[in-house]
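Following the numbering used here, the numbering of the sequence shown begins with 2 at its first residue and continues without gaps.
Even for Gly, the Cβ is constructed at its ideal location relative to N, Cα and C.
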Amino acid sequence: MINKILVANRGEIALRVICACKELGIRSVAIYSEADRNSLHVRFADEAICIGPPQLALSYLNIPAVISAAEIANVDAIHPGYGLLSENANFAEVCEACHVKFIGPTPDVIRLMGEKEKARAAMKQHGVPILPGSDGVVASAEEAREWARTVDFPVILKATAGGGGRGMRIVRNEDELPALYRQAQSEAAAAFGNGDLYLEKYVEHPRHIEFQVLADEHGNVVSLGERECSIQRRHQKLLEESPSVRMTPELRQEIGDILSKTLSQVGYQNAGTVEFLMDKDTDTDKERRLYFIEMNTRIQVEHPVTEMVTDVDLVKSQIMIAAGEKMADVLHGPIVHRGHAIECRINAEHPEKFTPSAGKITTFNPPGGTGVRIDTAAYAEGTIPPYYDSLIAKLIVRGKDRNEALSRMSRALGMFIVEGIHTTIPLHRRILADPDFLAGNFDTGFIERFLVKKETAR
Ligand code: ADP
Numbered sequence: 002m003i004n005k006i007l008v009a010n011r012g013e014i015a016l017r018v019i020c021a022c023k024e025l026g027i028r029s030v031a032i033y034s035e036a037d038r039n040s041l042h043v044r045f046a047d048e049a050i051c052i053g054p055p056q057l058a059l060s061y062l063n064i065p066a067v068i069s070a071a072e073i074a075n076v077d078a079i080h081p082g083y084g085l086l087s088e089n090a091n092f093a094e095v096c097e098a099c100h101v102k103f104i105g106p107t108p109d110v111i112r113l114m115g116e117k118e119k120a121r122a123a124m125k126q127h128g129v130p131i132l133p134g135s136d137g138v139v140a141s142a143e144e145a146r147e148w149a150r151t152v153d154f155p156v157i158l159k160a161t162a163g164g165g166g167r168g169m170r171i172v173r174n175e176d177e178l179p180a181l182y183r184q185a186q187s188e189a190a191a192a193f194g195n196g197d198l199y200l201e202k203y204v205e206h207p208r209h210i211e212f213q214v215l216a217d218e219h220g221n222v223v224s225l226g227e228r229e230c231s232i233q234r235r236h237q238k239l240l241e242e243s244p245s246v247r248m249t250p251e252l253r254q255e256i257g258d259i260l261s262k263t264l265s266q267v268g269y270q271n272a273g274t275v276e277f278l279m280d281k282d283t284d285t286d287k288e289r290r291l292y293f294i295e296m297n298t299r300i301q302v303e304h305p306v307t308e309m310v311t312d313v314d315l316v317k318s319q320i321m322i323a324a325g326e327k328m329a330d331v332l333h334g335p336i337v338h339r340g341h342a343i344e345c346r347i348n349a350e351h352p353e354k355f356t357p358s359a360g361k362i363t364t365f366n367p368p369g370g371t372g373v374r375i376d377t378a379a380y381a382e383g384t385i386p387p388y389y390d391s392l393i394a395k396l397i398v399r400g401k402d403r404n405e406a407l408s409r410m411s412r413a414l415g416m417f418i419v420e421g422i423h424t425t426i427p428l429h430r431r432i433l434a435d436p437d438f439l440a441g442n443f444d445t446g447f448i449e450r451f452l453v454k455k456e457t458a459r
């Protein structure tokens with residue numbers, strides 16, 4: 002039984018988890034840093050505990066402080082949200098040792114998926130398609146060259162501990178390999194404390210497509226279909242939608258089946274996302290292939306688009322699964338996809354320079370109306386502290402089809418007013434007016450080309 006949950010996060014996702022707790026009749030406990038004293042997650046949780054100064058390492062990432070709060074509040078479980086401690090296997094282990102349920106997979110599965118080259122090997126072993134690449138870590142630039150010759154240039158060097166696009170380098174020929182190897186290695190070592198790299202074939206102009214899964218603690222795994230996340234800047238997602246215009250029911254079913262089988266065998270539990278790259282479409286090659294790139298063992302920022310098209314509350318499902326419920330009781334029937342959903346990530350950033358924009362929000366007028374959802378912890382007169390992630394709101398719409406979702410998103414963006422800080426709202430308005438985006442013609446290089454196009458148009 003879960004009667005009380007500590008939410009080990011802040012911002013919109015902490016509020017999202019608190020909403021799920023309220024609907025399930027579970028008490029929620031917020032933790033907060035001194036910079037978040039006036040935050041909405043503190044206000045709406047049933048209890049709130051200050052765990053330290055603003056700096057992440059001293060508050061939200063401080064495991065002893067988080068666990069102490071859990072013990073003081075006497076909670077049954079901890080929901081980690083996304084980012085922060087959500088994919089930290091040590092933290093999940095400490096929770097276990099303290100008899101507090103970690104809402105997520107077991108520590109060994111978090112660890113397996115966190116070492117990306119091991120996750121690749123595990124997926125391959127169960128028949129999930131992966132890109133050609135090195136067998137595990139490449140220990141030197143020399144070894145990387147051998148593998149690159151085997152799979153052919155271009156290749157991509159990636160950090161095994163990778164995340165947020167760091168420690169990644171595209172290598173187009175042998176000459177540039179040694180320098181790029183050193184750069185990727187030192188960037189990974191600085192970001193993750195682990196400079197290990199592996200190598201993969203680089204796909205030109207791919208689409209990023211990911212599958213949402215839910216797994217109970219009794220071996221049942223279901224796929225909730227895909228999200229299209231190709232609109233990204235520097236490997237960070239900006240806008241997501243479901244379904245993908247390039248997905249077919251047959252391919253969705255095929256990948257869903259193989260993931261259910263694989264994740265059941267791996268002993269996966271709770272919510273997760275399996276990320277793939279899809280080959281570029283060409284007129285001559287109608288067969289579109291998906292290749293596994295990584296698995297995220299937590300709820301994702303973009304989970305609402307799946308919720309909007311499936312009518313499944315993923316966060317409530319996570320909690321019910323952690324309480325030991327069977328999938329049949331969590332879902333009540335097969336997954337049915339209806340309509341089309343789009344999410345725009347509204348960041349507190351300059352819309353073109355992408356530099357952070359912290360400070361006081363003077364006006365905050367989120368849009369409403371049919372089919373519009375806002376997930377946010379921002380409010381007028383509230384302050385965006387400079388210490389944390391720049392995401393301040395997610396604007397999500399659903400329409401009966403993609404066209405309705407697109408026009409609904411355009412009108413909602415037009416009515417979203419935030420003053421006092423810079424946001425990415427103007428950028429999203431322009432993306433929603435781009436003919437290629439509207440036609441569904443895009444890949445992961447879309448934003449880079451879009452920004453150049455704008456520069457030259459001036
Ligand atoms: P991270 O964990 O750092 O986010 P991912 O493996 O998820 O790294 O990759 C992030 C993004 O980098 C992908 O969405 C895609 O745009 C690009 N990418 C990664 N691997 C490849 C590849 N083999 N070929 C082409 N692009 C890639």
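Using only alpha-carbon positions, find the residue among the options that is nearest to residue i.
i, options, result
"A379", "D77, A324, V419 and G84", "V419"
"E461", "E175, N10 and I171", "Residue 461 lies beyond the residue range present for the chain, which begins at 2 and ends at 459; the question has no answer from this structure."
"F293", "S243, Q301, P305 and M279", "M279"
"G53", "N366, D47, P65 and A46", "P65"
"N75", "R409, E35, N89 and V30", "V30"
"R339", "S245, I68 and L86", "S245"
"E350", "G421, L332 and L252", "G421"
"P436", "E24, H423, I426 and F451", "F451"
"L414", "N366, R235 and E353", "N366"
"V373", "D390, H333 and M416", "M416"
"A342", "G360, T356, A381 and N404", "N404"
"R146", "Y182, A46 and Y389", "Y182"
At the level of alpha carbons, what is the spacing between residue i and residue j?
i, j, result
"G446", "H100", "46 Å"
"A21", "L41", "15 Å"
"E175", "E144", "12 Å"
"G185", "D258", "For the record, residue 185 in the displayed sequence is Ala; it is not Gly. Computed Cα separation, rounded: 35 Å."
"V204", "P155", "8 Å"
"M309", "P207", "25 Å"
"R38", "C51", "8 Å"
"K102", "A191", "32 Å"
"L132", "M296", "14 Å"
"E48", "K119", "40 Å"
"G383", "I393", "11 Å"
"E35", "P386", "10 Å"
"Y61", "I14", "13 Å"
"D77", "I320", "11 Å"
"Q126", "Q266", "11 Å"
"H423", "S358", "6 Å"
"I32", "T363", "26 Å"
"V1", "T263", "Because the chain here runs from 2 to 459, residue 1 falls outside it and cannot be looked at."
"I448", "K455", "10 Å"
"I27", "S391", "29 Å"
"D284", "V152", "Residue placement at D284 is poorly supported in this model, since its pLDDT is 46, which falls under 50; the coordinates still yield a value, given next. Going by the C-alpha atoms only, they are around 25 Å apart."
"K117", "M328", "28 Å"
"T311", "G137", "37 Å"
Please state whether DSSP places residue i in a helix, a strand or coil.
i, result
"M169", "coil"
"T285", "Caution is warranted here: a pLDDT of 49 is assigned to T285, below 50, making its placement in the model unreliable, and no coordinate value can be reported."
"Q186", "helix"
"V313", "coil"
"M296", "strand"
"V373", "strand"
"P54", "coil"
"S40", "coil"
"T384", "strand"
"A21", "helix"
"S60", "coil"
"Q270", "coil"
"H80", "strand"
"I27", "coil"
"N442", "coil"
"C96", "helix"
"F355", "coil"
"E303", "coil"
"A434", "coil"
"R346", "strand"
"S34", "strand"
If you measure from the CB of residue i, is any heavy atom of the ligand ATP nearer than 7 Å?
i, result
"E251", "As presented, the structure is devoid of the ligand ATP, carrying the ligand ADP as its sole ligands."
Quick one: measure Cβ to Cβ for residue i and residue j, integer angstroms, because I've assumed they're closer than 8 Å.
i, j, result
"D444", "K238", "Contact flag wrong, Cβ pair sits at about 14 Å."
"D217", "I322", "5 Å"
"A189", "A149", "Going by Cβ atoms, the distance from A189 to A149 rounds to 18 Å, so no, they are not a contact pair."
"H304", "L291", "Contact flag wrong, Cβ pair sits at about 20 Å."
At which residue ranges does the stretch 176-230 contain complete alpha helix (DSSP H) runs of 4 or more residues, listed in the order of the chain? Listed in chain order, the alpha helix (DSSP H) elements of length 4 or more contained wholly in the stretch 176-230 are 178-193.
Whole beta strand (DSSP E) elements within the stretch 382-423, 3-residue minimum: The beta strand (DSSP E) runs lying completely inside the stretch 382-423 and spanning 3 residues or more are 392-400 and 418-420, given in chain order.
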